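A.B. asks:
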Amino acid sequence: MKMIKAVILGATVIITSGCATAVSPVGNGALFTSVKGPVNATTNTGISKTGQSCATNILGLIAIGDSSISTAKEKAGISKVANIDHQSTTVLGLFSNFCTVVEGE
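All residue numbers for the sequence shown refer to our numbering, where the first residue is 507 and numbers rise by one.
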């Protein structure tokens, strides 16, 4: 009886927690999604550096990371931004990863 209750509790947590999905310009595939898309682009500066910041979601239960533009700029030492893009990957709705990519000087 205790085993049945544990299985029901575990299934309830998984079912009601939602799915692990990331932003996609074309929607999320049922099995797998891996897309890149633009956020912003300018002609104000050249591109000599690229920075990336990411956040991850596992099972819709755990979400960690920092996918902010400021973190991506800081990682690459960028002071003038030329382009901002994003990349997202989702696998079976169980795992997703969202990255912000910043290019500039």
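Every residue gets a Cβ at the ideal spot worked out from N, C-alpha and C, and that includes glycine. Treat the numbers as computed from the prediction; the structure is a model and nothing was measured.
Near ALA561, which residues of its chain fall below 6 Å by C-beta distance, leaving aside the five closest residues on each side in sequence?
C.D. replies: If we look at ALA561 and ignore the five residues flanking it on each side, its Cβ neighbours are GLY571, SER573 and PHE604.
A.B. asks: Once the 5 residues before and after THR548 are set aside, which same chain residues still bring their CB inside 8 Å of it?
C.D. replies: Within the same chain, THR548 has close Cβ partners VAL587, ALA588 and ASN589.
A.B. asks: Based on Cα-Cα distance, which residue from GLY543, SER559 and LEU537 lies nearest to GLY583?
C.D. replies: Minimum Cα distance to GLY583 is reached at SER559.
A.B. asks: Report all residues from its chain with a CB closer than 7 Å to the CB of GLN593; omit the five preceding and five following residues, and keep chain order.
C.D. replies: For GLN593, where only same-chain residues beyond five positions count, the Cβ hits under 7 Å are LYS542, CYS605 and VAL607.
A.B. asks: Could you tell me whether the Cβ atoms of SER585 and GLU611 are closer together than 8 Å?
C.D. replies: Yes; because the gap between Cβ atoms is below 8 Å, this pair is in contact.
A.B. asks: Taking 8 Å as the threshold (beta carbon to beta carbon), is GLY583 in contact with chain C?
C.D. replies: In the structure shown, chain C cannot be found, because there is only a single protein chain.
A.B. asks: Under 8 Å by Cβ, that's how I've got LEU565 and LEU600 pegged, so tell me the actual separation to the nearest angstrom.
C.D. replies: About 6 Å; that satisfies the 8 Å criterion.
A.B. asks: Does ALA578 come out as helix, strand or coil in the three-state DSSP assignment?
C.D. replies: If DSSP states are grouped into helix, strand and coil, ALA578 belongs with the helices.
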